[in-house]
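If you count by this note's numbering, then the sequence shown holds residues 4 to 463, one letter each, in order.
Here's the structure we're looking at; comments come further down.
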Amino acid sequence: MPMRTFRYESLLPVNTEVAYAWHTRDGAFERLTPPWARVEVTERTGTIENGKVTLRCSLGPFRFVWQAEHYDGVPGKEFRDRMRSGPFSKWEHTHRFIPAGTDLCRMEDVVDYELLRPLPWLGALADAVVVRSELARLFAYRHRVLGHDLWRHRDLSAKPLRFLVTGASGLVGSTLCTFLSAGGHIVFRAVRGTPRSQNEVRWDPASGRVELPAGTAIDVLVHLAGENVGEQRWTAARKIAIRNSRVDATAKLAEQIARWRVKPRVFIAASAIGFYGDRGATWVDEESPRGKGFLASLCEEWEGATRPAEQHGVRTVRLRIGVVLSPRGGALQKMWWPFWLGLGGPTGNGRQYVSWIAPDDLAAAILHCAVNDELSGPVNAVAPEPVTNAEFARALARTLRRPAILPIPATVVRRAFGEMGEELLLASTRVRPQRLLDSGFQFRFGTIHEALAHVLGATT
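Shown next, in the form of structure tokens:
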């Protein structure tokens, strides 16, 4: 089979040294892994100039192990990797950084590869139809993420901060931790079991106790942990479990913060736009009153549980998060397969508003809240352009190049999910991120089409 070459390049808003350094840090590889692929690092040694890595990969129904080595890296200029075992006969990848002006550089990815050896015509067809299109999809995503992160950290990361994150293994937490680490911040992940690495610390939600290394001071505590409200039908027992995991655990953590001798500068605690309840087509912002229903009541208690930290002088941000769009979890993960099969459509009458946010913008918004001293109290973490459920269904179908003609009647939602379906799927909440906008935050993925195309790797 002949060797083939694939190239992709983009302009980055930093110089070559900064762009190169980003790739050397923890979290960089994970940031560059697209959310539609499952990749786990099982072994890593050395550096990007001279090291080895083993990956366990899943792409659709295909699973394989990829072993690669880094070699002949030139710090600040380029690094290389070649496949030792995996799905190609040969694979050599050069990452090159080329100066392009003051605080600008061009990132160039060059991949020389050779397919496995089926019939010659089959290899050519596979390359044209599958391999090159998937490479284009992959590298377009990687360059968007790299450009986004370098831009954000250029503006927001003047100096490294120490973060402690609860819920670090969840959808939002995992994105946040890798975003911060690759940007040069120090991140401790709070875990409930025995810590397995030096960046993990033990946290007991029942008491709020966090076992930080001796002499370690935290600048920012981000509290994201809690039971998934959309995981199963809301029985009385389930509601109690949700409340305990969010209200009680937050209260205990806030009480611990109040007792710390050296307190964090900022306490950012997750809440949700469920605070506003079902408001139809009416716009709501941070000044709007609490709505009705279980979620609204829960969010009010949840936010109130942060007060012990606030009363002891810790700037406290209550982040009201909307629907986070990622195929790795949440609502979009549940919707992906039906829509991909052409079985999707609006829910109920489709007129209810969906206030959403892309994961990368959410991670950046958390960092923005951490470094902006004027932000405290409730902050809506949603994109500035909410859409109706019918508009969302059409946008998702268009991104996947499928129809959206099979609606789910409201009666089916109520019978299947009860109160949970009423509040999560049929309620309408049209939220404006007023405080983020007023503080100068810029959304990278501000429309539903931009966000879905990014997280799903849609190509034109």
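Ideal Cβ positions, reconstructed from N, Cα and C, are used throughout, including at glycine.
Rounded distance between the beta-carbons of residue j and residue i, thought under 8 Å
i	j	result
residue 25	residue 31	6 Å
residue 259	residue 213	7 Å
residue 450	residue 392	That pair is no contact at about 16 Å.
residue 456	residue 402	6 Å
residue 439	residue 382	6 Å
residue 75	residue 83	6 Å
residue 43	residue 59	5 Å
C-beta contact flag for residue i and residue j at 7 Å
i	j	result
residue 193	residue 180	no
residue 146	residue 13	yes
residue 278	residue 236	no
residue 229	residue 249	yes
residue 312	residue 261	yes
residue 435	residue 207	no
residue 400	residue 353	no
residue 386	residue 369	no
Where residue i falls: helix, strand or coil (DSSP)
i	result
residue 263	coil
residue 55	strand
residue 423	helix
residue 206	strand
residue 43	strand
residue 84	strand
residue 217	coil
residue 291	coil
residue 315	coil
residue 327	strand
residue 106	coil
residue 36	coil
Burial state of residue i, where buried means 16 or more other Cβ atoms lie within 10 Å
i	result
residue 104	exposed
residue 6	exposed
residue 376	exposed
residue 265	exposed
residue 243	exposed
residue 329	buried
residue 306	buried
residue 119	exposed
residue 418	exposed
First and last residue of the uninterrupted beta strand (DSSP E) at residue i
i	result
residue 14	7 to 15
residue 94	93 to 102
residue 381	380 to 384
Proximity test, Cβ basis, 7 Å: residue i and chain C
i	result
residue 367	Although the question refers to chain C, the structure presented lacks it and comprises just one protein chain.
First and last residue of the uninterrupted alpha helix (DSSP H) at residue i
i	result
residue 392	392 to 403
residue 339	333 to 343
residue 150	135 to 159
residue 70	Looking at the DSSP string, residue 70 is not in any alpha helix (DSSP H); the run it does join, the beta strand (DSSP E), is 65 to 77.
residue 467	A question about residue 467 goes unanswered here, because the residues of the chain that appear run from 4 up to 463.
residue 175	174 to 185
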